[in-house]
Amino acid sequence: MTTMAATSVTTQVYRVYIKATPQAIWDAITKPEWTERFGYGGRGEYDLRPGGAYRGFSSEAMRAMGAPDVAVDGEIIEAVHRGSSSRPGAWPWTRR
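All residue numbers for the sequence shown refer to our numbering, where the first residue is 46 and numbers rise by one.
Structure, rendered in structure tokens:
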């Protein structure tokens with residue numbers, strides 16, 4: 046008798062809709078000074094294409110509390126611009 050075990054994978058999907066121009070959103074997610082200023086205080090690096098790297102670096106305060114230098118190390122699954130007149134500048138993207 047053969048027994049098959051089911052396995053499952055959990056994937057978190059984040060969808061963020063921001064009322065701004067596509068260029069302003071692009072700058073906000075691709076320029077580290079923006080993520081440092083408006084994110085959690087650490088810089089972020091994104092390679093916004095499928096399989097690209099995503100890294101979120103710890104801020105100085107986070108490192109002082111024992112956080113590692115790289116707080117988040119992931120992979121971009123999808124980065125699609127879906128700007129339209131009803132949702133200008135919407136840039137859903139997914140990381141693993």
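Note that beta-carbon positions come from the ideal geometry of N, C-alpha and C, so glycine has one too.
Work out the CA separation of residue j and residue i for me, nearest whole Å.
{"i": "Ser103", "j": "Phe83", "result": "14 angstroms"}
{"i": "Ala116", "j": "Gly101", "result": "6 angstroms"}
{"i": "Gly86", "j": "Thr55", "result": "27 angstroms"}
Grouping DSSP H, G and I as helix and E and B as strand, with all else coil, what is residue i?
{"i": "Ala135", "result": "Legend: pLDDT at Ala135 = 42, less than 50; position of this residue unreliable, no value from coordinates given."}
{"i": "Ile63", "result": "coil"}
{"i": "Asp118", "result": "strand"}
{"i": "Ala124", "result": "strand"}
{"i": "Met107", "result": "helix"}
State yes or no: is the C-beta of residue i within less than 9 angstroms of the C-beta of residue j?
{"i": "Gly96", "j": "Ile121", "result": "yes"}
{"i": "Ala124", "j": "Arg94", "result": "yes"}
{"i": "Asp118", "j": "Ala98", "result": "yes"}
Hey, could you find the ends of the alpha helix (DSSP H) residue i is sitting in?
{"i": "Arg82", "result": "Pro77 to Phe83"}
Starting from residue i, trace the beta strand (DSSP E) both ways and give me its first and last residue.
{"i": "Arg100", "result": "Ala98 to Phe102"}
{"i": "Gly89", "result": "Gly89 to Tyr91"}
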